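Numbering (the working numbering), first residue to last: 266 to 638.
Backbone N, C-alpha and C define an ideal beta-carbon position, used for all residues, glycine too.
Nothing here was measured: the structure is a model prediction, and the numbers come from that model.
Report on the following structure.
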């Protein structure tokens with residue numbers, strides 16, 4: 266079983282706002298099997314050892330280092346935690362804070378030590394995630410299926426979920442009439458289907474109330490329209506996997522759902538690029554790294570897009586945002602783009618992690634601004 270603690274935007278903003286000497290950020294690939302978890306646990310232990318050496322090189326006090334080591338040991342020794350993993354693990358430690366996130370994305374192993382946390386990889390999990398829930402809805406069956414980018418589709422057990430229309434309304438069948446003459450045929454089927462959908466909605470509510478994943482409906486009419494009219498789940502996508510889902514396997518539904526997500530995200534990226542193109546021409550968007558660093562420092566960034574894979578070693582002046590480029594990723598050298606992201610989040614900017622070819626201007630980052638700086 267796969268467990269995920271996908272960070273919310275508020276989580277990322279909170280972590281990004283923390284600034285203390287000796288912030289340790291660790292990312293490592295994990296897995297859902299015991300051997301994968303064991304390898305990840307060993308890798309985390311190795312990263313913690315490297316982090317301690319970096320902390321010592323930076324002159325961090327022995328007491329702080331001791332607390333960070335203790336926080337790491339608590340995670341390493343938590344057997345229940347290691348039993349339930351996802352695709353990657355993010356760990357943040359500073360002697361006062363100990364945060365972990367089990368992520369559905371396969372992230373590259375990294376250990377960063379600075380006076381702030383390294384958050385750029387974390388944003389990959391929340392920018393256009395390829396995880397979703399599929400509700401495969403038919404009159405004679407209903408399935409909830411979870412899809413993730415690097416795992417096979419999995420059925421989700423939902424307590425109280427009706428198995429079909431008849432069971433939801435307490436009848437042996439929804440065709441024909443009862444002995445008393447009450448409607449059971451086509452003239453009343455929509456009423457029965459509404460009751461069925463409402464029962465499904467009640468069963469799903471506890472799960473969906475805490476979910477950040479999009480919901481993709483796989484259903485034929487009129488059931489698709491009835492469900493859409495009965496639910497208020499804000500992440501239900503407009504695109505539907507049409508037809509009777511009973512004729513499709515979980516793998517086939519997952520493939521169709523990934524197509525839905527691809528179209529959704531391609532549309533969002535295209536809209537972002539078009540908006541940036543217009544704003545660059547109008548002078549309200551920036552592509553020069555120095556200009557963006559200054560804008561982020563003064564809280565002017567409204568929307569930031571960045572290349573998830575590109576790293577620019579260096580640091581930013583606290584007051585002016587002037588860039589001091591570094592030659593390598595030495596301890597304490599937190600990276601120019603990561604600090605631009607951190608400062609943009611502090612001013613409530615929208616932040617998107619994109620592929621290199623989707624970043625306007627072809628650089629490491631682009632920004633739409635609220636006002637000139």
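Expressed to the nearest angstrom, what Euclidean distance is found between the alpha-carbon atoms of residue 266 and residue 519?
Any reading at residue 266 must be qualified, since the residue scores a pLDDT of 39, below 50, and its modelled position is unreliable; no value is offered.
Where do the N-terminal and C-terminal ends of the beta strand (DSSP E) with residue 607 fall, by residue?
Not the beta strand (DSSP E): residue 607 falls in the alpha helix (DSSP H), residues 601-611.
Rounded Cβ spacing between residue 629 and residue 582 (contact assumed at less than 8 Å)
18 Å between Cβ atoms; not a contact.
Could you please give me the residues that DSSP links to residue 367 through a beta bridge?
354
To the nearest angstrom, how far is the alpha carbon of residue 365 from that of residue 319?
21 Å
Is the distance from the Cβ of residue 367 to the Cβ of residue 350 below 8 Å?
yes
Start and end of the beta strand (DSSP E) containing residue 403?
397-403
Start and end residues, alpha helix (DSSP H) containing residue 262:
This structure gives no information on residue 262, because the portion of the chain shown stretches from 266 to 638.
Below 8 Å, can you find three or more Cβ-Cβ pairs linking the region 353-365 to the region 325-334?
yes
Please classify residue 469: does DSSP put it in a helix, a strand, or coil?
helix
Contact set for residue 502: own chain, Cβ-Cβ below 6 Å, skip 5 residues either direction:
479, 481
Would you decide whether residue 384 is buried or exposed? Buried here means 16 or more other CB atoms lie within 10 Å of its CB.
buried
Segment limits, beta strand (DSSP E) that includes residue 568:
566-572
Can you name, in chain order, every residue of its own chain whose Cβ lies under 7 Å from the Cβ of residue 607, other than the five neighbours on each side?
281, 381, 384
Do residue 376 and residue 470 have their C-beta atoms within less than 8 Å of each other?
no
Beta-carbon contacts of residue 615 that lie in its chain and below 8 Å, excluding the five residues immediately before and after:
567, 568, 569
Go ahead and pull the three-state DSSP assignment for residue 485.
coil
So residue 419 and residue 410 are supposed to be a Cβ contact under 8 Å. How far apart are they, rounded?
7 Å
Have a look at residue 288 and residue 465 and give me their C-alpha separation to the nearest angstrom.
45 Å
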